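Below: one structure, written as structure tokens.
In the UniProt record's numbering, the protein residues as written are 1 to 196.
And the structure:
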């Protein structure tokens with residue numbers, strides 16, 4: 001059974017965490033990336049689908065390749081960040097279900113392309129959110145973005161996997177506080193929620 005996190009942890013993950021547009025020079029290592037992934041994979045997805053496919057961008061050549069797919073502002077952020085991640089979604093995730101969800105024949109649930117697309121998008125989006133939470137929990141800051149050309153990202157990073165498509169991308173590292181905007185409004189519960 002879970003226990004409530006203390007205020008410091010809640011601040012780190014949610015309340016004082018921010019979207020960063022720039023970072024200091026602290027490097028992100030392969031060990032750091034693996035530690036983030038080891039948390040991401042524990043987050044729930046429907047029938048343990050795990051449809052997200054991650055390309056961790058650490059090297060200068062890979063950064064330039066990703067920057068070439070992004071809008072001018074985002075391209076500069078990618079080039080300057082110590083790391084980025086391309087979060088893709090595998091439209092053939094169901095092929096992995098016999099070992100990921102061995103309790104039943106879950107693969108047979110996905111008989112249409114529409115069902116595959118919808119589930120891959122929904123669950124890879126969850127995994128992308130788990131990335132943000134995991135990175136923050138381990139002391140990193142993130143800069144998720146959608147200002148890029150998806151066809152260019154797919155060609156550059158998933159060209160050998162035509163059934164994998166980009167969902168979104170994010171920079172990450174140790175955030176530079178001078179690069180954040182004032183916090184945008186956050187609605188009160190009643191604005192977008194109700195209890196029935």
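Ideal Cβ placement from N, Cα and C applies to all residues, glycine included. The model shown is predicted, which means the values in this text are computed figures rather than measured ones.
>> Using C-beta distances below 6 Å, list every residue in its chain close to residue 124, excluding the 5 sequence neighbours before and after it, in chain order.
In response: For the purposes of this step, residue 124 is taken as the residue at position 124 of the chain shown. Here the set comprises 51, 52, 89 and 167.
>> Distance check for residue 191 and residue 32, CA to CA, integer angstroms please.
In response: As a first step, residue 32 must be located in the chain shown, where it is residue number 32. As a first step, residue 191 must be located in the chain shown, where it is residue number 191. Approximately 38 Å, taken between the alpha carbons.
> Which two residues bound the contiguous alpha helix (DSSP H) that contains residue 125?
Replying inline: Residue mapping note: residue 125 aligns to position 125 of the chain shown, counting from 1. Where residue 125 is concerned, the enclosing alpha helix (DSSP H) stretches over 113-137.
>> Rounding to the nearest angstrom, what Cα-Cα distance links residue 83 and residue 147 in this structure?
In response: Residue numbering aside, residue 83 sits at position 83 when the chain shown is read from its first letter. Residue numbering aside, residue 147 sits at position 147 when the chain shown is read from its first letter. Between residue 83 and residue 147, the C-alpha separation is close to 17 Å.
>> With three or more C-beta pairs closer than 8 Å as the rule, is the segment 34-51 touching the segment 113-130?
In response: Cβ pair count under 8 Å is three or more, so yes.
> What residues in its chain sit with their C-beta under 6 Å from that of residue 134, if we drop five residues either side in the sequence?
Replying inline: Start at 1 with the first residue of the chain shown, and residue 134 comes out as number 134. So the qualifying residues of the chain are 36, 39 and 40.
> residue 150: which of 184, 70 and 143 sits nearest, CA to CA?
Replying inline: Numbered from its first residue, the chain shown carries residue 150 at position 150. When only C-alpha atoms are compared, the closest one is 70.
>> So within the segment 153-196, which uninterrupted beta strand (DSSP E) runs reach at least 3 residues, ignoring any that extend past its ends?
In response: List check, beta strand (DSSP E) in window: 164-173.
> In whole angstroms, what separates the C-alpha of residue 158 from that of residue 66?
Replying inline: Locating residue 158 in the chain shown gives position 158, where the first residue counts as 1. Locating residue 66 in the chain shown gives position 66, where the first residue counts as 1. Between residue 158 and residue 66, the alpha-carbon positions lie close to 12 Å from each other.
> Hey, is the segment 170-184 in contact with the segment 111-121, meaning 3+ C-beta pairs nearer than 8 Å?
Replying inline: No, the segment 170-184 is not in contact with the segment 111-121.
>> Can you tell me which residues form a DSSP beta bridge with residue 85?
In response: Taking the chain shown and counting its residues from 1, the one referred to as residue 85 is at position 85. DSSP lists 56 and 170 as partners of residue 85.
> Residue ranges of each beta strand (DSSP E) run of no fewer than 3 residues wholly in the segment 14-57, ordered along the chain?
Replying inline: List check, beta strand (DSSP E) in window: 52-57.
> In the DSSP assignment, what residue or residues form a beta bridge with residue 142?
Replying inline: Against the chain shown, residue 142 aligns to sequence position 142. Among the bridge pairs identified by DSSP, residue 142 is matched with 19 and 172.
> Looking at the structure shown, is residue 151 part of a helix, part of a strand, or coil, going by DSSP?
Replying inline: Indexing the chain shown from 1 puts residue 151 at position 151. Helix.
> If we ignore side chains and look at the alpha-carbon of each, how far apart do residue 86 and residue 10 end up?
Replying inline: Mapped onto the chain shown, residue 86 falls at position 86. Mapped onto the chain shown, residue 10 falls at position 10. Each residue's alpha carbon lies about 26 Å from the other.
> Given that a residue counts as buried once 16 or more other Cβ atoms are within 10 Å of its Cβ, and exposed if not, what is residue 14?
Replying inline: Within the chain shown, numbered from 1, the residue matching residue 14 stands at position 14. By the neighbour-count definition (other C-beta atoms within 10 Å, threshold 16), residue 14 is an exposed residue.
> Out of curiosity, what's the CA-to-CA distance linking residue 152 and residue 165?
Replying inline: Against the chain shown, residue 152 aligns to sequence position 152. Against the chain shown, residue 165 aligns to sequence position 165. Using only the alpha carbons, I get a separation of about 10 Å.
> Cβ atoms of residue 12 and residue 129: under 8 Å apart, would you say?
Replying inline: Against the chain shown, residue 129 aligns to sequence position 129. Against the chain shown, residue 12 aligns to sequence position 12. Not a contact, by the Cβ cut-off of 8 Å.
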